[in-house]
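The sequence shown begins at 1 in my numbering and counts up by one.
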Amino acid sequence: MRRPWSAVLSVLIAATPFLVSTPARAAALAWECDPGYSCYYTGSSGTGSRWVAPYAGCYYPLESWLRDNISSVTNRGHSRATVHLYNWVGYWEEIATIAPGTSVSYGSGAYANNKTDFICIDS
Ligand SMILES: [Ca+2]
C-alpha cells in the first residue's frame, strides 16, 4: 500500500512544552494589594507574607503567623475605610491609624512594628 505524498512528507512538529519561567511560589511584589482592600505584610515596605482583610470590620484574634508580626500596611479601601491597629497592653492601645490611600512601613525601631494583635477597618 502506497501512502500519499502528503502523508509521507508531512512533518510532525513536536509540541515542545513551552517553558514558562514562573516560579511556583513567586515572591509577592512589594505593596501588592487589590483596589478596595487593605493588606498587611510581615516584612517592611509591603514585603513578606501578606494577609488581605476580606471586608471592613474588626479582626481578633489574628492568625498566629500574623499576630505581633505586621511590619507594613497598605490601605486601598474606600474613602471612609480607615484602618486601626491595636496592641494589647492590659488594654487596647491604638498604635496606628492608616488613612485610605496610604501605606505605612515600620522599621525595626518603630513602636508599632510587630505589635499588632487586633485590626479594625471602618466601614
Ligand atoms: Ca501585641
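Virtual Cβ for every residue (Gly too), placed ideally from N, Cα, C.
Subject >> Under the three-state DSSP convention, the category G57 falls into >> reply: Position 57 of the sequence shown holds residue 57. In the structure shown, G57 sits in a strand (DSSP, three-state: E or B).
Subject >> Identity of the residue in Y91, A99 and R76 nearest H84 by Cα >> reply: Position 84 of the sequence shown, counting from 1, holds the residue named residue 84. Out of Y91, A99 and R76, A99 has the C-alpha closest to the C-alpha of H84.
**OP:** Verify the contact flag: W88, CB atom, against every heavy atom of ligand 1, threshold strictly below 7 Å.
**Re:** As a position in the sequence shown, residue 88 is number 88, starting the count at 1. For ligand 1, at least one heavy atom lies less than 7 Å from the Cβ of W88.
**OP:** Could you check if C33 is buried or exposed, using at least 16 other CB atoms within 10 Å of its CB as the buried criterion?
**Re:** One-based indexing of the sequence shown puts residue 33 at position 33. C33 should be labelled buried.
Original post:
Alpha carbon to alpha carbon, what distance is there between N75 and T102?
Top reply: Your numbering for residue 102 matches position 102 in the sequence shown. Your numbering for residue 75 matches position 75 in the sequence shown. Going by the C-alpha atoms only, they are around 6 Å apart.
Original post:
Would you call L66 buried or exposed, if buried means 16 or more other Cβ atoms sit within 10 Å of its Cβ?
Top reply: Mapped onto the sequence shown, residue 66 falls at position 66. Buried, by the Cβ-count rule.
Original post:
Where do the N-terminal and C-terminal ends of the beta strand (DSSP E) with E94 fall, by residue?
Top reply: The sequence position of residue 94 within the sequence shown is 94, counting from 1. Per DSSP, E94 belongs to the beta strand (DSSP E) from W92 to I98.
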